[in-house]
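Chains as they are written, first to last, in my numbering: chain A, 18 to 904; chain B, 12 to 246. Below: the structure, in structure tokens.
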Amino acid sequence: MKEKRPDPDQLLKVVSKELKQEGRGRLKIFFGACAGVGKTYAMLQAGRQQFEQGVNVTVGIVETHDREETKRLLEGFPQLPLRSIASQGRVIQDFDLDAALSSGANLVLVDELAHANPVESRHAKRWGDVEELLAAGIDVYTTLNVQHLESVADIASGIIGAHVRETVPDRVFDEAVEVVLVDLPPDDLLARLDAGKVSVPVAIEHARQNFFRKGNLISLREIALRRVADRVDADVTSYRVSKSIETVWPTRERLMVCVSAAKTQERLIAEGIRLTQRLQAECLVVHVQEPTDSDDASRECVRSLAQQAEERKAEFINLPGDDVAEALLECARTRNVTKLVLGHGTRPWNPPWRRKLFERIARANPELGILLVAVKPPPRKERYLGRATRPDFHWGSLALATGACALTTLVALWLVHYFDPPNLVALFLLNVVVISLRLGRVAAIWAALLSVASFDFFFIPPLLSFAMSDTQYLFSFTLTLVVAWVTSAVGSRLRADARIALAGERREATVARVARDLSGADKSEQIVAICRETIAPLFEAKVALILPDSTDRLLPSKEGEFADLSVAQWAYDHGQRAGLGTSILSAAEALYLPLKAPIRCRGVLAIQPQNRTSLDSPDDKRLLEACGSSIALALERIHFAQVAQETLVRMEGERMRNSLLSAVSHDLRTPLTAIRGLAETLEQATDLPRNEQTEVASAIRHQAEELQQLVTNLLDLARMQSAGVRLDKQWHPLDEIVGSALYRLGPALSKREVRTELPSDLPLVEVDASLFERVLINLLDNALKYTPPDAKILIGAKAVGPSMYCFVEDNGPGLPPGDPEQFFKPFVRGQKESAISGVGLGLALCRSIIAAHGGTIRAEAAKPAGTRFEIRVPLGSPPGIEEEDAA
Amino acid sequence: MSKPQILIVEDEADIRRFVRIALEKEGMTTAEAKSAEEARIDSATRRPELIIVDLGLPDGDGKAFIRELRTWSNIPVVVLSAREREEEKVEALDAGADDYLTKPFGVPELLARVRAQLRRAALLNPNQPASPVIRFGNVRVDMATHEVTKADEVVHLTPIEFRLLAALARGHGKVLTHRQLLLEVWGPSYVYRPHYLRVFMANLRQKLEDEPARPKHIITELQVGYRLACLSDGP
Numbered sequence: 018m019k020e021k022r023p024d025p026d027q028l029l030k031v032v033s034k035e036l037k038q039e040g041r042g043r044l045k046i047f048f049g050a051c052a053g054v055g056k057t058y059a060m061l062q063a064g065r066q067q068f069e070q071g072v073n074v075t076v077g078i079v080e081t082h083d084r085e086e087t088k089r090l091l092e093g094f095p096q097l098p099l100r101s102i103a104s105q106g107r108v109i110q111d112f113d114l115d116a117a118l119s120s121g122a123n124l125v126l127v128d129e130l131a132h133a134n135p136v137e138s139r140h141a142k143r144w145g146d147v148e149e150l151l152a153a154g155i156d157v158y159t160t161l162n163v164q165h166l167e168s169v170a171d172i173a174s175g176i177i178g179a180h181v182r183e184t185v186p187d188r189v190f191d192e193a194v195e196v197v198l199v200d201l202p203p204d205d206l207l208a209r210l211d212a213g214k215v216s217v218p219v220a221i222e223h224a225r226q227n228f229f230r231k232g233n234l235i236s237l238r239e240i241a242l243r244r245v246a247d248r249v250d251a252d253v254t255s256y257r258v259s260k261s262i263e264t265v266w267p268t269r270e271r272l273m274v275c276v277s278a279a280k281t282q283e284r285l286i287a288e289g290i291r292l293t294q295r296l297q298a299e300c301l302v303v304h305v306q307e308p309t310d311s312d313d314a315s316r317e318c319v320r321s322l323a324q325q326a327e328e329r330k331a332e333f334i335n336l337p338g339d340d341v342a343e344a345l346l347e348c349a350r351t352r353n354v355t356k357l358v359l360g361h362g363t364r365p366w367n368p369p370w371r372r373k374l375f376e377r378i379a380r381a382n383p384e385l386g387i388l389l390v391a392v393k394p395p396p397r398k399e400r401y402l403g404r405a406t407r408p409d410f411h412w413g414s415l416a417l418a419t420g421a422c423a424l425t426t427l428v429a430l431w432l433v434h435y436f437d438p439p440n441l442v443a444l445f446l447l448n449v450v451v452i453s454l455r456l457g458r459v460a461a462i463w464a465a466l467l468s469v470a471s472f473d474f475f476f477i478p479p480l481l482s483f484a485m486s487d488t489q490y491l492f493s494f495t496l497t498l499v500v501a502w503v504t505s506a507v508g509s510r511l512r513a514d515a516r517i518a519l520a521g522e523r524r525e526a527t528v529a530r531v532a533r534d535l536s537g538a539d540k541s542e543q544i545v546a547i548c549r550e551t552i553a554p555l556f557e558a559k560v561a562l563i564l565p566d567s568t569d570r571l572l573p574s575k576e577g578e579f580a581d582l583s584v585a586q587w588a589y590d591h592g593q594r595a596g597l598g599t600s601i602l603s604a605a606e607a608l609y610l611p612l613k614a615p616i617r618c619r620g621v622l623a624i625q626p627q628n629r630t631s632l633d634s635p636d637d638k639r640l641l642e643a644c645g646s647s648i649a650l651a652l653e654r655i656h657f658a659q660v661a662q663e664t665l666v667r668m669e670g671e672r673m674r675n676s677l678l679s680a681v682s683h684d685l686r687t688p689l690t691a692i693r694g695l696a697e698t699l700e701q702a703t704d705l706p707r708n709e710q711t712e713v714a715s716a717i718r719h720q721a722e723e724l725q726q727l728v729t730n731l732l733d734l735a736r737m738q739s740a741g742v743r744l745d746k747q748w749h750p751l752d753e754i755v756g757s758a759l760y761r762l763g764p765a766l767s768k769r770e771v772r773t774e775l776p777s778d779l780p781l782v783e784v785d786a787s788l789f790e791r792v793l794i795n796l797l798d799n800a801l802k803y804t805p806p807d808a809k810i811l812i813g814a815k816a817v818g819p820s821m822y823c824f825v826e827d828n829g830p831g832l833p834p835g836d837p838e839q840f841f842k843p844f845v846r847g848q849k850e851s852a853i854s855g856v857g858l859g860l861a862l863c864r865s866i867i868a869a870h871g872g873t874i875r876a877e878a879a880k881p882a883g884t885r886f887e888i889r890v891p892l893g894s895p896p897g898i899e900e901e902d903a904a
Numbered sequence: 012m013s014k015p016q017i018l019i020v021e022d023e024a025d026i027r028r029f030v031r032i033a034l035e036k037e038g039m040t041t042a043e044a045k046s047a048e049e050a051r052i053d054s055a056t057r058r059p060e061l062i063i064v065d066l067g068l069p070d071g072d073g074k075a076f077i078r079e080l081r082t083w084s085n086i087p088v089v090v091l092s093a094r095e096r097e098e099e100k101v102e103a104l105d106a107g108a109d110d111y112l113t114k115p116f117g118v119p120e121l122l123a124r125v126r127a128q129l130r131r132a133a134l135l136n137p138n139q140p141a142s143p144v145i146r147f148g149n150v151r152v153d154m155a156t157h158e159v160t161k162a163d164e165v166v167h168l169t170p171i172e173f174r175l176l177a178a179l180a181r182g183h184g185k186v187l188t189h190r191q192l193l194l195e196v197w198g199p200s201y202v203y204r205p206h207y208l209r210v211f212m213a214n215l216r217q218k219l220e221d222e223p224a225r226p227k228h229i230i231t232e233l234q235v236g237y238r239l240a241c242l243s244d245g246p
């Protein structure tokens with residue numbers, strides 16, 4: 018038997034839904050066909066039941082409509098105070114989201130899910146508030162009428178006879194954990210209405226006549242029942258998926274809704290999305306941007322269609338192209354679309370020789386399913402306006418054409434002395450062709466008419482009259498017109514193609530430039546600079562990158578002064594765009610775009626355009642989105658590069674520490690053994706001569722000093738390699754550190770000849786003085802240990818270009834053979850198992866200290882003999898010192 | 012002068028022991044305290060001439076003890092501290108300690124510091140009139156006339172350089188922290204600009220030391236401060 022395996026995609030969806038619900042509040046919707054069925058009552062009853070079971074229930078907002086039974090149910094319930102909002106000149110009492118969030122309640126009752134909030138609110142609709150409550154882990158009970166469901170609103174509008182404005186996305190409905198249908202047969206409802214139990218405000222008394230008709234109520238009830246049945250069906254499906262019961266999996270459908278730039282197309286989108294939901298398919302909404310409809314009105318129209326589509330979670334694509342059918346087919350092919358939804362009657366006038374769009378598509382790809390939806394043609398006026406503002410035309414071009422025709426006529430009048438009039442036709446034709454290519458169709462036709470007229474007037478007998486004596490001239494007249502028409506069509510298409518290509522190229526070039534700049538960035542400051550220098554001028558806006566700290570709080574920055582951090586934080590926390598042009602906190606001055614990278618949100622991009630509407634076009638939005646995701650990716654790349662770097666450093670440290678430990682134990686034990694043995698000798702051999710006693714004691718002291726040196730180096734090395742070592746870098750004169758090192762080595766150096774070569778004009782260096790001193794002490798100590806007592810030691814420094822070179826040199830026996838680099842590794846010595854101990858760490862410590870200062874250290878042979886250690890550290894720019902007033 | 016009495020405040024018995032033996036061998040008497048509490052009592056009852064304080068005491072902070080002591084006494088205090096605690100040394104000096112020794116330290120070093128502090132205390136004795144002239148090496152500084160000579164040649168110092176030298180001289184071998192010197196010479200607004208101090212100190216070394224890179228008198232206590240060594244007084 019074949020194993021029944023759940024479709025992984027489906028399973029993933031169920032899992033993600035369950036995951037999403039984990040930690041999220043549970044939404045319960047009391048759903049009804051229309052007002053008066055008792056949703057609020059049912060909700061309050063359910064809430065009261067929870068309340069009595071000890072759940073912390075709070076009433077967020079409930080419309081009692083002055084109904085006594087409802088009021089009675091409210092008694093004894095904790096209720097949140099309403100928020101007073103001054104909006105458009107009046108004070109509105111509304112649900113207080115922040116109070117609900119901070120009330121500590123586990124369950125909040127919020128009436129009327131579809132309610133439209135005042136514009137000053139955070140969310141445009143109350144369902145936005147509810148979503149936020151759910152996201153905060155608070156359970157919500159709410160009520161909803163069927164006509165407010167987005168996918169139903171259109172049909173309901175038709176039934177009710179009034180436009181339904183307050184809609185709730187179906188997603189909210191579908192994602193609710195429970196939907197309770199509150200049902201009342203229409204007759205009972207009407208009886209309640211008559212008994213005055215359904216209260217309707219006086220203002221909509223006339224609606225009552227229209228609305229509460231039995232026919233309406235039956236239709237709405239049917240829709241409500243069906244919608245709940247659909248939901249139950251969906252629940253069953255998801256149950257089956259998670260329990261791996263079903264064996265039949267429908268193949269995934271993908272619908273493409275093709276719209277043109279007209280307001281009436283909204284219905285097409287609504288219809289398409291409703292279909293999509295029925296078919297459990299995905300939905301694309303596509304508009305083909307023809308070269309001719311690039312005027313502002315159609316742009317605005319496309320923008321609102323895009324917004325509508327995106328609100329309903331459908332992807333919107335604006336395809337540039339001059340052949341609608343071809344562009345649609347291409348898109349359908351690349352996106353694996355199975356069905357097309359086309360509006361029928363969108364092109365009101367189709368010449369008989371031109372195939373309708375759906376015919377052309379069906380012919381080109383018979384496998385595509387095509388669904389035609391009847392759509393009202395746009396009103397005439399709108400179309401007319403669309404024509405009048407065609408980009409080809411302006412009045413100046415007519416004047417130019419007239420001038421050109423006059424000029425041609427003058428030339429022809431001169432040429433007629435040498436040529437026969439029919440030969441001059443070509444001259445006029447040339448004029449028309451040039452005009453049609455340069456000035457567009459309208460000017461070309463005007464020029465053709467003028468040319469024929471002037472030719473007839475000046476060159477055809479009877480001269481200086483319009484009488485057309487010969488029909489053959491009618492032929493040339495027609496021919497000129499046709500030539501004008503054809504060439505102007507070719508010309509305008511060429512120009513339009515060039516314009517589209519140019520616009521596309523500019524956009525692509527921009528995205529490419531941003532991407533290239535970002536790919537070179539390896540610090541987040543560089544990305545901030547790219548935002549400022551590349552992206553800001555592109556949108557003519559102030560742009561700031563707002564980055565979070567390690568606790569996910571966004572940090573204020575200098576560039577981001579204009580930004581409202583609380584809105585930015587909201588966008589960051591919720592991973593949704595907020596502010597200008599969105600439905601969340603839309604009163605904000607700037608748009609806040611969360612920078613979502615594959616792993617997590619990396620920050621927020623704040624964009625404040627100079628002109629509030631300038632970010633509205635779909636092209637700009639897409640461009641912004643593209644820039645945003647490039648930035649997010651770059652930020653993520655930098656983050657992981659840092660993590661990798663840190664890991665590498667940590668691993669290296671780990672490895673080093675291990676080898677260190679084994680070596681250190683040897684070097685520690687040797688002096689300890691000696692000290693212990695010597696001390697015991699002193700203790701027991703009481704009859705030791707006085708001078709031998711002194712010798713033993715000084716040997717102990719010597720060993721202890723060695724041990725001290727080793728321990729100091731060890732501790733310093735451990736400190737250098739511990740995570741997050743902070744250098745205490747300050748500006749020092751180098752001679753001070755050299756002096757201190759020499760002073761500290763004092764007695765040991767006193768028998769040696771030590772010279773210093775420090776120019777008095779040496780600039781200050783920024784170093785951690787005690788660590789730098791440690792380096793010098795180690796180098797000097799090495800020179801003392803590995804050179805004979807008569808060798809000279811030279812210590813000096815010089816500034817060359819951007820670096821300070823500091824060296825310690827001796828004229829001793831020089832370096833042992835081999836690569837000098839190896840001495841900088843811990844526990845490598847010039848001579849194996851040397852009697853001189855405690856230096857295995859010295860040079861390794863020097864190297865790590867100097868590396869931490871951004872410098873280098875190397876060993877080389879000194880001239881003419883001996884060893885030279887050279888340290889290079891960057892100079893930087895020392896802080897200024899105020900000149901002292903003259904004494 | 013009678014035998015000076017030294018109070019050793021240290022919780023580690025072996026360290027107390029060798030410090031005591033070393034000091035007694037130098038002809039001093041000693042008293043020992045194992046904790047800050049004992050130190051408080053002993054310093055008040057025994058009236059020692061000098062106190063050696065370990066900063067890490069079991070029952071509290073050596074710095075707090077010094078701060079308390081300074082409210083009623085200005086006897087010299089030498090601090091013992093572990094090397095890793097640079098800031099602690101600076102804090103102890105700012106609290107009123109006069110010198111410090113970093114563990115592990117040698118006996119000769121300890122004795123030198125103790126002797127220097129005792130000498131300084133004797134110099135500051137209010138019963139003797141303070142001499143306006145101080146000397147170190149071949150340098151002679153007249154605090155009254157602001158005249159500085161080195162090997163009998165006049166050295167020209169700027170006003171700030173002189174103020175700096177005067178501050179060090181007044182310390183008589185006490186370690187002065189960066190903060191103390193910046194406050195005294197430049198004023199409170201310069202406290203966070205130690206590089207000023209370093210630059211002017213470098214100038215002083217250039218003018219007054221025979222070998223500026225190996226100073227014998229103007230001694231740098233790296234990351235802590237400066238002190239003037241090998242002072243002698245008199246005309």
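Backbone N, C-alpha and C fix where the C-beta goes; we use that ideal spot for every residue, glycine too.
Check: Span of the alpha helix (DSSP H) holding N799 of chain A?
Finding: A786 to Y803
Checklist line | Unbroken stretches of the beta strand (DSSP E), 3 residues or longer, contained in the region 299-369 of chain A | finding: 299-306, 332-337 and 356-361
Check: Taking only beta-carbon atoms, is P223 of chain B less than 9 Å away from chain A?
Finding: yes
Item checked: Cutoff 8 Å; reference L571 of chain A; Cβ partners in own chain excluding five residues on either side -> Within the same chain, L571 of chain A has close Cβ partners I563, L564, P565, L582, A585, Q586, Y589, G620 and V621.
Margin query: Taking 9 Å as the threshold (C-beta atoms), are I898 of chain A and Y207 of chain B in contact?
Written below: It is a contact, given that the beta carbons lie within the stated cut-off.
Note to self: For W83 of chain B, count the other beta carbons within 10 Å of its own beta carbon; 16 or more makes it buried, fewer makes it exposed. Which is it?
What the structure shows: exposed
Margin query: Among the candidates A:A561, A:G596, A:T568 and A:T81, whose CA atom is the shortest distance from the CA of V136 of chain A?
Written below: A:G596
Next item on the list: Count the other C-beta atoms from every protein chain shown that fall within 10 angstroms of the C-beta of V507 of chain A, then say buried if there are 16 or more, exposed otherwise.
Entry: When all chains shown are included, V507 of chain A counts as exposed.
Margin query: With a threshold of 9 Å between beta-carbons, can G756 of chain A be considered close to chain B, or not?
Written below: yes
Item checked: Cutoff 6 Å; reference K74 of chain B; Cβ partners in own chain excluding five residues on either side -> Excluding positions up to five away in sequence, the list reads E102, A103 and A106.
Notebook entry, point to check: For P895 of chain A, which residues from the same chain have a beta carbon less than 7 Å from its beta carbon, with the 5 sequence-adjacent residues on both sides left out?
Noted result: W748, P780 and L781
Note to self: Which residues in chain B have a C-beta closer than 9 Å to the C-beta of W748 of chain A? List them in chain order.
What the structure shows: P205, H206, R209 and V210
Next item on the list: Could you please give me the residues that DSSP links to N73 of chain A through a beta bridge?
Entry: DSSP output for N73 of chain A lists no bridge partner at all.
Notebook entry, point to check: Would L66 of chain B be called buried (16 or more neighbouring beta carbons within 10 Å of its own) or exposed?
Noted result: Its Cβ being crowded by 16 or more others within 10 Å, L66 of chain B is buried.
Checklist line | Straight-line Cα distance separating L766 of chain A from A691 of chain A | finding: 25 Å
Next item on the list: Could you tell me the distance, in whole angstroms, from the CA atom of Q234 of chain B to the CA atom of T804 of chain A?
Entry: 31 Å
Note to self: Is there a Cβ of chain A sitting closer than 9 Å to that of T156 of chain B, yes or no?
What the structure shows: False, the Cβ-Cβ gap to chain A never drops below 9 Å.
Checklist line | Neighbour flag for S536 of chain A against chain B, beta carbons, 9 Å | finding: With 9 Å as the cut-off, S536 of chain A does not count as an interface residue toward chain B.
Next item on the list: Determine whether the Cβ of G148 of chain B lies closer than 9 Å to any Cβ atom of chain A.
Entry: no
Check: Should T160 of chain B be flagged as near chain A, meaning a C-beta pair shorter than 9 Å?
Finding: It does not; no Cβ of chain A falls within 9 Å.
Notebook entry, point to check: Would a C-beta distance cut-off of 9 Å place A59 of chain A and V197 of chain A closer than the cut-off?
Noted result: yes
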